[in-house]
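In what follows, a structure is listed as structure tokens, so that the remarks can point back to it.
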Amino acid sequence: MIASTEKIDWYREAKDSARSRFASSPWPSATDEEWRRSDVSKLGLDAFIGASGTASVAFSADLSAAAGARLGPASLASLPALREAMAGIGDGGDRFAAWNLAEGEAWILELPAGSSSSAPILVECRLSGRASHPRLSVVAGEGAAAEIVYRVVAGDDIGLANVSLDLFLGADSSLRVFESHESGDDVLWFVDTKARVARDARLLHLVAETSGRFVKSRVDCALEGPGADAVLDGIFHASAGRHLDLRTVQRHLSPRATSRSLYKGALDSGGSSVCQGLIEVAKDASGTDAFLANRNLLLGNGARADSIPTLRIGNNDVRCSHGSTTGRLSEAEIFYLESRGFDRASARELLVLGFFNELFDAAPRVFSDPLIDRLSRLLVGSSNSGASREWAA
Amino acid sequence: MKAETAYAPPVEYAQGWHDIDTSVFRTRRGLDEDIVRAISAQKNEPDWMLQFRLRSLSAFRKKAMPNWGADLSGIDFENLFYYARPQDESVKDWEDVPDSIKRTFDRLGIPEAERKFLAGVGAQYDSEVVYHSLKENLSKQGVIFTDPETAVREHPDLVRKYFGTVIPYLDNKFAALNSAVWSGGSFVYVPKGVRVDIPLQAYFRINSKSFGQFERTLIIADEGSFVHYIEGCTAPVYATESLHSAVVEIIALAGARVRYTTIQNWSNDVYNLVTKRAVAYRDAVVEWVDGNIGAKRTMKYPSVWLMGEGAHGEVLSIAFAGEGQEQDTGAKIVHGASHTSSVVTSKSISKGGGIASYRGLVKVKEGLTDVRSRVVCDALILDERSTSNTYPTMEIESDDVTIEHEARVSRIGEDQLFYLMARGFTEAEASLTIVAGFLDPLVKALPMEYAVELNRLIELEMEGTVG
Numbered sequence: 001m002i003a004s005t006e007k008i009d010w011y012r013e014a015k016d017s018a019r020s021r022f023a024s025s026p027w028p029s030a031t032d033e034e035w036r037r038s039d040v041s042k043l044g045l046d047a048f049i050g051a052s053g054t055a056s057v058a059f060s061a062d063l064s065a066a067a068g069a070r071l072g073p074a075s076l077a078s079l080p081a082l083r084e085a086m087a088g089i090g091d092g093g094d095r096f097a098a099w100n101l102a103e104g105e106a107w108i109l110e111l112p113a114g115s116s117s118s119a120p121i122l123v124e125c126r127l128s129g130r131a132s133h134p135r136l137s138v139v140a141g142e143g144a145a146a147e148i149v150y151r152v153v154a155g156d157d158i159g160l161a162n163v164s165l166d167l168f169l170g171a172d173s174s175l176r177v178f179e180s181h182e183s184g185d186d187v188l189w190f191v192d193t194k195a196r197v198a199r200d201a202r203l204l205h206l207v208a209e210t211s212g213r214f215v216k217s218r219v220d221c222a223l224e225g226p227g228a229d230a231v232l233d234g235i236f237h238a239s240a241g242r243h244l245d246l247r248t249v250q251r252h253l254s255p256r257a258t259s260r261s262l263y264k265g266a267l268d269s270g271g272s273s274v275c276q277g278l279i280e281v282a283k284d285a286s287g288t289d290a291f292l293a294n295r296n297l298l299l300g301n302g303a304r305a306d307s308i309p310t311l312r313i314g315n316n317d318v319r320c321s322h323g324s325t326t327g328r329l330s331e332a333e334i335f336y337l338e339s340r341g342f343d344r345a346s347a348r349e350l351l352v353l354g355f356f357n358e359l360f361d362a363a364p365r366v367f368s369d370p371l372i373d374r375l376s377r378l379l380v381g382s383s384n385s386g387a388s389r390e391w392a393a
Numbered sequence: 001m002k003a004e005t006a007y008a009p010p011v012e013y014a015q016g017w018h019d020i021d022t023s024v025f026r027t028r029r030g031l032d033e034d035i036v037r038a039i040s041a042q043k044n045e046p047d048w049m050l051q052f053r054l055r056s057l058s059a060f061r062k063k064a065m066p067n068w069g070a071d072l073s074g075i076d077f078e079n080l081f082y083y084a085r086p087q088d089e090s091v092k093d094w095e096d097v098p099d100s101i102k103r104t105f106d107r108l109g110i111p112e113a114e115r116k117f118l119a120g121v122g123a124q125y126d127s128e129v130v131y132h133s134l135k136e137n138l139s140k141q142g143v144i145f146t147d148p149e150t151a152v153r154e155h156p157d158l159v160r161k162y163f164g165t166v167i168p169y170l171d172n173k174f175a176a177l178n179s180a181v182w183s184g185g186s187f188v189y190v191p192k193g194v195r196v197d198i199p200l201q202a203y204f205r206i207n208s209k210s211f212g213q214f215e216r217t218l219i220i221a222d223e224g225s226f227v228h229y230i231e232g233c234t235a236p237v238y239a240t241e242s243l244h245s246a247v248v249e250i251i252a253l254a255g256a257r258v259r260y261t262t263i264q265n266w267s268n269d270v271y272n273l274v275t276k277r278a279v280a281y282r283d284a285v286v287e288w289v290d291g292n293i294g295a296k297r298t299m300k301y302p303s304v305w306l307m308g309e310g311a312h313g314e315v316l317s318i319a320f321a322g323e324g325q326e327q328d329t330g331a332k333i334v335h336g337a338s339h340t341s342s343v344v345t346s347k348s349i350s351k352g353g354g355i356a357s358y359r360g361l362v363k364v365k366e367g368l369t370d371v372r373s374r375v376v377c378d379a380l381i382l383d384e385r386s387t388s389n390t391y392p393t394m395e396i397e398s399d400d401v402t403i404e405h406e407a408r409v410s411r412i413g414e415d416q417l418f419y420l421m422a423r424g425f426t427e428a429e430a431s432l433t434i435v436a437g438f439l440d441p442l443v444k445a446l447p448m449e450y451a452v453e454l455n456r457l458i459e460l461e462m463e464g465t466v467g
């Protein structure tokens, strides 16, 4: 963990180059296909340039239980894998990615080869100030296995949170990452998650977006080694006046890799969401098996759900498909629950939580319990959340 | 152009020949106001149509090229002819059709018996309708089936009421271009309650080098009527690029049903950039059956705007992208009223490095109830050089909806091939059989003669696929 001056030079250089790239590039505009449905021009982003903010990272005691796992600031790190990845990030990505690298504090969680942890590693990142740009890089060595709960919690003074998460999975490693972004209703969230999955490694990434006024979240997963497997899941809820734009990319670069993405969301009247998923299969990625799905539940009229599941397939030895459905709660099911004594609000709440349940199932309780509570509050307001309390208990 | 003998096709393209160009009037290359005025003057148009063309021209100049979809960098607008007219009069009697044009249709394989059977053959040769026949009983029913120039002269009220209402000239760059220089096409009006039992057909050909064809079709189905319109396209092979940019507008009034069938088989140097849109009012049904086999680049997304309760829209689309081809096709459905439903079925095949893309939109406007839509896209990739893309978009703003979309991309299954080969098929026969089965839902929707033609075209395209 202790780096020589020579070792951290690259990091300083990456930050310098990101700083100049941030200064010279414009905000993404509506002519950029990925940003077309989420106009950032009216968000007053310029006001956040140079705004101060901090991120403090805490982790559970369980970290020490994961043999040899280490968490520390990137400025002291000397991991070659991180250097390689950061170098790429310095060149590519949009203005937000450059902003994060230039301004932000980066943390590294290193999981040594062969290590494994019996309990989930809890990483909590608390943001304060006007704008904060935290970055966490998880580097899993060959054969490492861990379950990580990563909560990014914005304090009341935060106006903008620009969050990056890097997941580097070495050969045959396994990461299960549960990520949530938590704040009041006024925060602007920009979330950039990048994953690189090596040979026979397995990734599960579940993100919950239930907070903030505007969320632009991107998960870009490259399956770089043969036999790699990725599951990208999302749970989202948009109440009135909130806009979520969720982008997933399943990038199949190597033969015989598999991936699956399932994003499920519930939208109140006046809430809006965009789900843009992409499966991209490179010319030589034969034997690819990929699936992409988006399920939207509209809880009121005037909710808006855009769904754009796309496929770009350059190899013929593949099985790729996607599905998208948008609908509302079944009146028959609500009626059934009402006939069993639930009031209408509780019945709806129970059905919406049931809709999400297959995704909660994969998560550890330490992640899913607070999330279910939060969803319950969102669904029926604080006055009536009886059904879920019992259900979650 | 002075071709003395019929052109010998360099490759296996079946319709790859052309006749000596006998056009009697043709504008110079390029596009400016004088050319638009010349086209309008040639057609003796009223001033309102000229003004419409001029407004469209200025819109065309302002509009940007699409920055998405197929690669259109090869189009040189200044190097195209925008109008050519083969002869002076539209003829009523087959005997009066010039021999060279008759030969064209013989080569395309429209048998004599079929011509008589078909209600009206609005055969488009270059950009003017030169042959027109309408069966007596249709005329008696009040059905109007003519070229749009005649409609402008003889039915100005109908034309002014509907022309450019479904696809305004400001819609997109190519619709603006068509609105400025349109020539030929079809005009169909079916009166209230009239069912046209036999399909109306127009056979289009492009026959001049570097010639852009801009036909304009307007179909109005009055309340409770039914019509099936068939557009078939085939064009000779040329070395330089040609541009085909049609506009097709359909208005299905309350309770009407319109089916529009296209089998597009342009030669592989044509840019086919077409805007097709229909409006369906209360309880109306509009069906697009759209096959795209030829052309170098196709961008075509037949659309249905469901604007009345009970309306139903359906698009059945196939695309075959071979070597050097990019088929960027799909469908757009806009649900603008409650109790509306739509179905989109898309099948695409890519081979030999071809690119087949499905691009679609399902939109449900706010405050509607009982809206259903289902979109299914299946793609076959026949070799490792080819590409298949799917870009569906769903914009849903009402909650009482059922919206489903699914897409699948795969190759021909080894097990299916093995099974058929175990039964004595060669690999080529087995592949063809599987492809034919894959396309079966579309083929079934076609009238028999088109189904036969489509099967023949697919057979041709599949030749040499299995090496």
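For the record, the sequence lines run as chains A and B. Using our numbering, read the first sequence as starting at 1 and increasing by one per residue. Using our numbering, read the second sequence as starting at 1 and increasing by one per residue. All residues carry an ideal CB built from backbone N, CA and C; glycine is no exception. Owing to the predicted nature of the structure, the values given are computational and were not obtained by experimental measurement.
- With contacts defined as CB atoms closer than 7 Å, Val401 (chain B) and Val371 (chain B) qualify as a contacting pair.
- 7 Å or more divides the Cβ of Phe168 (chain A) from the Cβ of Trp99 (chain A).
- Between the alpha carbons of Leu170 (chain B) and Leu138 (chain B) lies a distance of about 35 Å.
- Listed along chain B, the residues sitting closer than 7 Å to Thr326 (chain A) by beta-carbon distance are Met394, Ile396, Val401 and Ile403.
- Excluding residues up to 5 positions away in sequence, Arg202 and Thr258 lie with their Cβ nearer than 6 Å to the Cβ of Asp229 (chain A) in the same chain.
- DSSP, read as helix, strand or coil, puts Lys264 (chain A) in strand.
- Within chain B, the residues whose beta carbon sits less than 7 Å from that of Ala303 (chain A) are Asp399, listed in sequence order.
- In the structure shown, Ala238 (chain A) falls within a strand segment according to DSSP collapsed to helix, strand and coil.
- Put simply, the segment 125-135 of chain A touches the segment 42-59 of chain A. At least three CB pairs are less than 8 Å apart.
- Between the beta-carbon of Leu442 (chain B) and that of Glu427 (chain B) there is about 24 Å, and that puts the pair past the 8 Å contact cut.
- Contact between Ala140 (chain A) and Gly114 (chain A) is absent: CB atoms are separated by about 10 Å, not below the 8 Å threshold.
- Looking at the backbone, the Cα of Arg61 (chain B) and that of Asp157 (chain B) are separated by about 29 Å.
- Below the 8 Å Cβ cutoff, chain B contributes Asp399 as neighbours of Leu299 (chain A), in chain order.
- Assignment of Met65 (chain B) by DSSP, reduced to helix, strand and coil, places it in the coil class.
- Residue-level contact check: Asp383 (chain B) touches chain A, since one or more beta carbons of chain A fall below 7 Å from its beta carbon.
- Separation of Ala321 (chain B) and Gly294 (chain B) (C-alpha to C-alpha, rounded to the nearest whole angstrom) is 8 Å.
- Counting along the chain, no alpha helix (DSSP H) covers Gly313 (chain B); the unbroken beta strand (DSSP E) around it starts and ends at His312 to Ala321.
- Nearest to Ser180 (chain A) by C-alpha distance, out of A:Val366, A:Ser321, A:His252 and A:Val380, is A:Val366.
- For Ile333 (chain B), the three-state secondary structure derived from DSSP is strand.
- A Cβ of chain A is located within less than 7 Å of the beta carbon of Asn389 (chain B).
- One thing to note: Gly353 (chain B) has its Cβ within 7 Å of the Cβ of Ser386 (chain B).
- Nearest Cα to Leu359 (chain A) within the set A:Phe335, A:Ser25, A:Ser41 and A:Ala293: A:Ala293.
- Taking every protein chain shown into account, the CB of Ala106 (chain A) has 16 or more other CB atoms within 10 angstroms, so this residue is buried.
- By the Cβ rule, the segment 240-257 of chain A counts as touching the segment 209-220 of chain A, because three or more pairs are nearer than 8 Å.
- Within the segment 304-324 of chain A, Arg304, Ala305, Asp306, Ser307, Ile308, Pro309, Thr310, Leu311, Arg312, Ile313, Gly314, Asn315, Asn316, Asp317, Val318, Arg319, Cys320, Ser321, His322, Gly323 and Ser324 place their CB atoms closer than 9 Å to a CB of chain B, listed in sequence order.
- One alpha carbon belongs to Ile250 (chain B), the other to Arg277 (chain B), and they sit about 6 Å apart.
- Counting only the Cα atoms, Asn162 (chain A) lies some 60 Å from Asp147 (chain B).
- When the Cα atoms are used, Lys332 (chain B) and Val207 (chain A) turn out to be separated by approximately 32 Å.
- The criterion of a C-beta distance shorter than 7 Å is satisfied by Phe174 (chain B) and Ser245 (chain B).
- For the C-beta of Ala407 (chain B), the chain A residues within less than 7 Å are, from N- to C-terminus, Leu311, Ser321 and His322.
- When DSSP states are grouped into helix, strand and coil, Phe360 (chain A) belongs to the helix group.
- About 7 Å separates the beta carbon of Glu366 (chain B) from that of Asn301 (chain A), a gap short enough to meet the 8 Å contact definition.
- Here Ile167 (chain B) is buried, its C-beta having at least 16 other C-beta atoms within 10 Å.
- Separation of Ala18 (chain A) and Arg135 (chain A) (C-alpha to C-alpha, rounded to the nearest whole angstrom) is 14 Å.
- Secondary structure of Ile372 (chain A) (DSSP, three-state): helix.
- Excluding sequence positions up to five before and after Ser25 (chain A), its CB lies within less than 7 Å of the CB of Arg95 and Ala98, all in the same chain and listed in chain order.
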